[in-house]
Structure formats: structure tokens, C-alpha cells
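Q: Please find one structure pasted underneath; my questions will follow.
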Amino acid sequence: MSALKSNDSMVMPGATIGMVGGGQLGRMFAIAAMQMGYDVVIFCGSADEPAGQVATRTVVGDLLDHAVVSKFAKQCQVITLEFENIPAETIRWCSEFAPTYPSHHVLATAQDRLVEKTTFRDAGLAVTPYAAVDSAAGVGEFAEQHGWPVIVKTARSGYDGKGQHRLDGPSDAEAVPWESADSWIAEKWIPFEREASVVVARSTRGEVRCFPPFENDHRNHILDVSFCPSTLSPAQQQLATTIATRAADVLQLVGVLCVEFFVVDAETILINEVAPRPHNSGHLTIEACHTSQFEQHVRAVCGLPLGSTELRVGGAAMANLLGDLWGSQGQPPCWDRAVAVPSVSLHLYGKSDAKVGRKMGHLTATADSAAAAVATVQQARETL
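In terms of our numbering, the sequence shown has 312 at position 316, counting the first letter as 1, and numbering is strictly consecutive.
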């Protein structure tokens, strides 16, 4: 843990926090902040977005409209954000009115996979081997060095597998819609043992705390189930938290950062991607830890002492609820079946339009062990 710095500008409960972005992450942040006594103003594109349904106030407008940004930011004592694809210029404008975390510099780094990986590589952190590419020929040159298959992604935007392609050979590379994006990154395919993530908080006081590593299972490039404690060895857990802490320091981040890892073997853990915000894999902290990732985000940006990240249960698991579960006419599942399973909690995000692959909510289960929690949360989801 980093040494604490004195901070005479703590933003105390009763103040107003601004949240740029109105999705489910902003919603859960607002719930945590308001529980602690803060007012929360959401800045988003429409009044019915998930966060706007629960916040104190909502400012609706274009994120690149300087006048609307000013109207929003003038109401706030501190400002934060819920998603890294918010324009960095918006965050820079916000910082002219109130302390804004993470900074537009952090956002600019996290918005470009090439810049992000280069930043961490140059800091001595292990990342997946990569190169900038713009054509099938470029991928072929990369594959000559690193072999097939190759993972190709748009350098900017894209999540949950969007804008990503697995290429097994030259013919696949020819089929990539290269003209659809300005820049692309090729990454070596990593035959990992498992995927894991660490959410680390770094406050305005210089205090740093990591949540225990979460182990993650994906389906169709979308996170399906996360659980904790992970099956990583103590040495792997220590390595993952050390890397996450170093990544937050390299970025000079204030707030929370999720570092996603490929666990290759007993000694090798590679950074896959980072997100300077609360993360889907950390949702289980609401029920499982003394301090949730959302409360920790509030504490970090307001300069309050960070809370304990220790588990208060033997194990916990989270299962995503996608729009696939809704009927062909948009009818919701029978939620009573899921919550009838003991120790299961239901979180719905207030989204009215259920689409295939869209995250609509999640279930969390707690138990004496991670394995029991996974079995319970999967049982509950299967009832739907």
C-alpha cells in the first residue's frame, strides 16, 4: 500500500458528485454515493438511462456540447466517469470546473489499445505481444514472428468482442473489414490457463488497495461468470495485485482500475486490457466484500480513506443476465424463480429494450466457497 499523503480538499458527504455516463456502472456508483450521503448529478444522452433513474439530478445533452458540459460541471464538487469511451475532450472541459478523475490523460491512454499497451510495455509490465497493422499483409508479417492464430482488434472502441477477429490464416486476414476503422492492433493468441482480473483503487490521498483477484469465464466474448476467491496460487495472486498496483501508478490514476489478465502458467501473467472504472467482474463485491468497488470508487475520488477489500464470505460468484433471457416479445423472465434460490441477489439495470447480448442485469450468490457460489448462481440463472 502506498504511503498516505495529507489531503485538505476531501469532498465530504453532502457534496455533489458528477458522473459522466448514464449506464449501469453509473447507476451502481450513484446508489453507493447516495447511500453515503452525496448528491449525484448524471450527465448523459437521455433522461431514461439507467443511472438517471436513481440519481439526484440528470443533465441531458451532447457530451461534446461545451455549453451543456459547463452546465453540468458547475453543479459538482468532484467529477468522475463510468466508461472509458467518453470523449477525453469532455473530461478535459469538466476539469476546468471541478477536480475530475480519472484525468483526460488517463482516458486518452485507455481509449487506444496501441497507446495503452505501449505505455505498460515501456514501464516494464508484461503485455500480450502486439503490433500496429492496417492490412492482411501486415498481419502476415506479424504472424511470421508470432504464429497463427492472430487476434486483430480495432485500436479504439469495441468491447465484449465487438471489432475483434480471430484469424487462423492469411485468408481470414483478407476478410477483415480494414476500411471500417482508422487503426488496428494485432495481438499474439495466448493459450492461457484461465482469465483473471484485479480491481485496484487509488485515491487522491495516494492510498492504494486491491480487491482479491477474480476469476472469469467468458461466453461469446462476453463475461459470463466471475467468482472469488480465484483458483490462482498465492504467488500468482500476489503477482497479479502487484502488476495492478503498478499499472495504476504508471497511469497516475485516481479512482478504480480493472486490469484483465491472461494467466499463462505458474509464473507468467500477462496484461490483456485495462479499464479505468468499475468493472463487470467486480460486481460481486457488492455482496461479497466489506467495501464494494462502487463505494471504493466514491471514496477514491472524494479523497476519503479507502475501505477494506477483504471478503466477508467464504466465496462469491456473479452471473450476467443478457437480453437473450427475455422472450421474443420482450417479456421479462420470472424473477421469483431466481430469488427463491437461497443467498442469491438480483440486480437489474433499468434497461427497457432487451437485445441479444446486451447486459440487462446480474445475479450474485454467496456461499462457504467459490465453487458452491458458482453452482448456486448458475442454478438460479438456469431457473429463468
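Cβ coordinates follow ideal geometry from the N, Cα and C atoms, glycine included.
In whole angstroms, give me the CA-to-CA distance for N212 and S365.
A: For the purposes of this step, residue 212 is taken as the residue at position 216 of the sequence shown. For the purposes of this step, residue 365 is taken as the residue at position 369 of the sequence shown. If you take the alpha carbons of N212 and S365, they lie about 16 Å apart.
Q: Just to confirm, are Q374 and V337 a CB contact at a threshold of 8 Å?
A: To locate residue 374, count along the sequence shown from 1; it is residue 378. To locate residue 337, count along the sequence shown from 1; it is residue 341. Cβ atoms of Q374 and V337: not closer than 8 Å.
Q: Quick one: what's got a C-beta closer than 6 Å to V16's C-beta in the same chain, skipping five residues either side?
A: Locating residue 16 in the sequence shown gives position 20, counting from the first residue. Contacts found: F39, L77 and I82.
Q: Is DSSP giving W180 helix, strand or coil here?
A: Locating residue 180 in the sequence shown gives position 184, counting from the first residue. If DSSP states are grouped into helix, strand and coil, W180 belongs with the strands.
Q: My output table needs one value for Q49: the three-state DSSP class, helix, strand or coil.
A: As a first step, residue 49 must be located in the sequence shown, where it is residue number 53. Helix, per DSSP.
Q: Could you give the distance in angstroms between the alpha-carbon of L0 and the alpha-carbon of K351?
A: Start at 1 with the first residue of the sequence shown, and residue 0 comes out as number 4. Start at 1 with the first residue of the sequence shown, and residue 351 comes out as number 355. Any reading at L0 is ruled out, since the residue's pLDDT is 47, under 50, leaving its predicted position unreliable.
Q: What whole-angstrom Cβ distance do T305 and C285 have, given they're in contact under 8 Å?
A: Position 309 of the sequence shown, counted from the start, is the residue given in the question as residue 305. Position 289 of the sequence shown, counted from the start, is the residue given in the question as residue 285. The Cβ separation is near 6 Å, so the contact holds.
Q: Pick out the complete alpha helix (DSSP H) segments inside the region 135 to 217, 4 residues or longer, and give them in chain order.
A: Complete alpha helix (DSSP H) runs here, min 4: 166 to 170.
Q: Do V260 and L228 have their C-beta atoms within less than 8 Å of each other?
A: One-based indexing of the sequence shown puts residue 260 at position 264. One-based indexing of the sequence shown puts residue 228 at position 232. Not closer than 8 Å, so no.
Q: Using the C-alpha atoms, what's the distance from Q141 back to S91?
A: Residue mapping note: residue 91 aligns to position 95 of the sequence shown, counting from 1. Residue mapping note: residue 141 aligns to position 145 of the sequence shown, counting from 1. Going by the C-alpha atoms only, they are around 44 Å apart.
Q: Determine the DSSP secondary structure at H423, reduced to helix, strand or coil.
A: Nothing can be reported for residue 423, as the shown portion of the chain is limited to -3 through 380.
Q: Measure the alpha-carbon distance for A312 versus E170 and round it to whole angstroms.
A: The count along the sequence shown starts at 1 and reaches residue 312 at position 316. The count along the sequence shown starts at 1 and reaches residue 170 at position 174. Cα to Cα, A312 sits roughly 44 Å from E170.
Q: Could you give the C-beta distance for L318 and W331, rounded to a whole number, given that I count them as a contact under 8 Å?
A: As a working note, residue 318 is residue 322 in the sequence shown. As a working note, residue 331 is residue 335 in the sequence shown. Rounded, the Cβ-Cβ distance is 15 Å, inconsistent with contact.
Q: Where does L253 land, buried or exposed, given buried means 16+ other C-beta within 10 angstroms?
A: On the sequence shown, residue 253 is found 257 positions in, with the first residue counted as 1. Buried.
Q: When burial is assigned at 16 or more other CB atoms within 10 Å of the CB, is K70 buried or exposed?
A: The sequence position of residue 70 within the sequence shown is 74, counting from 1. Exposed, since its Cβ has fewer than 16 Cβ neighbours within 10 Å.
Q: Report all residues from its chain with a CB closer than 6 Å to the CB of E269; omit the five preceding and five following residues, and keep chain order.
A: Locating residue 269 in the sequence shown gives position 273, where the first residue counts as 1. Counting only Cβ-Cβ distances below 6 Å, and skipping sequence neighbours, we find E256.
Q: Quick check: what's the CA-CA separation for Q49 versus M30?
A: By 1-based counting over the sequence shown, the position of residue 49 is 53. By 1-based counting over the sequence shown, the position of residue 30 is 34. Taking the straight line joining both Cα atoms gives about 13 Å.
Q: Measuring only the C-alpha atoms, how far is S66 from P95?
A: Looking up residue 66 in the sequence shown gives position 70. Looking up residue 95 in the sequence shown gives position 99. Answer to the nearest angstrom: the Cα atoms are 14 Å apart.
Q: Does DSSP put A(-1) in a helix, in a strand, or in coil?
A: Within the sequence shown, residue -1 is the residue found at index 3, counting from 1. A caution first: A(-1) carries a pLDDT of 42, below 50, which makes its placement in the model unreliable, though a value can still be read off. It is coil, neither helix nor strand.
Q: Going along the chain, which residues of its own chain have a beta-carbon closer than 8 Å to the beta-carbon of V221, five neighbours each way excluded?
A: Here residue 221 corresponds to residue number 225 of the sequence shown, with the count starting at 1. Result list for V221: N212, D213, A313, M314, A315, N316, V370, V373 and Q374, in chain order.
Q: Given this structure, state the Cα-to-Cα distance separating A28 from E291, to the nearest angstrom.
A: Here the question's residue 28 lines up with position 32 in the sequence shown. Here the question's residue 291 lines up with position 295 in the sequence shown. Roughly 5 Å between the two C-alpha positions.
Q: Give me the DSSP bridge partner(s) of G33.
A: In the sequence shown, the residue the question calls residue 33 occupies position 37. The partner list for G33 (beta bridge, DSSP) is empty, contrary to what the question assumes.
Q: My parser needs the alpha helix (DSSP H) runs of 4 or more residues fully inside the region 251 to 331; what are they?
A: Listed in chain order, the complete alpha helix (DSSP H) runs (minimum 4 residues) inside the region 251 to 331 are 281 to 284 and 289 to 298.
Q: Suppose you measure from the CA of A361 to the CA of C224; what does that come to, to the nearest Å?
A: The residue labelled residue 361 in the question sits at position 365 within the sequence shown. The residue labelled residue 224 in the question sits at position 228 within the sequence shown. In a straight line, the C-alpha of A361 is about 11 Å away from that of C224.
Q: Using a Cβ-Cβ cut-off of 7 Å (strictly less than) and excluding sequence neighbours within five positions of F79, which residues of its own chain qualify?
A: Along the sequence shown, one-based indexing puts residue 79 at 83. Around F79: G17, G19, L21 and R273.
Q: So V146 and W185 are in contact, right, with Cβ under 8 Å, and what is the actual spacing, rounded?
A: Within the sequence shown, numbered from 1, the residue matching residue 146 stands at position 150. Within the sequence shown, numbered from 1, the residue matching residue 185 stands at position 189. Right, their Cβ atoms sit about 6 Å apart.
Q: Can you list, in chain order, the residues of its chain whose CB lies under 6 Å from that of A51, leaving out five sequence neighbours each side?
A: As a working mapping, residue 51 is identified with position 55 in the sequence shown. A26, V36 and I38.
Q: Can you give me the Cβ contacts of G346 inside the same chain, cut-off strictly under 6 Å, excluding the 5 residues immediately before and after it?
A: Residue 346 sits at position 350 when you count from the first residue of the sequence shown. These residues qualify, in order along the chain: P46 and Q49.
Q: By the three-class DSSP mapping on this structure, what secondary structure does G456 have?
A: For the chain, the structure presents residues -3 to 380; residue 456 sits outside this window and is missing.
Q: Rounded to a whole number of angstroms, what is the C-alpha to C-alpha distance between G165 and S179?
A: To locate residue 165, count along the sequence shown from 1; it is residue 169. To locate residue 179, count along the sequence shown from 1; it is residue 183. Spanning the two alpha carbons is a distance of roughly 20 Å.
Q: In the structure shown, what three-state DSSP assignment does V340 receive?
A: The count along the sequence shown starts at 1 and reaches residue 340 at position 344. Here V340 sits in strand by DSSP.
Q: I'd like the list of long-range same chain contacts for V309, defined as Cβ closer than 6 Å, with 5 residues on each side in sequence excluded.
A: Within the sequence shown, the letter at position 313 stands for residue 309. Correct list, in chain order: A284 and T362.
Q: If you follow the beta strand (DSSP E) that V74 is in, where does it begin and where does it stop?
A: Within the sequence shown, residue 74 is the residue found at index 78, counting from 1. Here the beta strand (DSSP E) through V74 covers V74 to L77.
Q: Helix, strand or coil for F223 per DSSP?
A: Along the sequence shown, one-based indexing puts residue 223 at 227. F223: strand per DSSP, three-state reduction.
Q: Is T238 helix, strand or coil by DSSP?
A: Walking along the sequence shown from the start, residue 238 turns up at place 242. Three-state result, T238: helix.
Q: Just to confirm, does L21 get its C-beta within under 7 Å of one of the non-hydrogen atoms of the ligand NAP?
A: For the ligand NAP, the structure offers nothing, since it holds no ligand at all.
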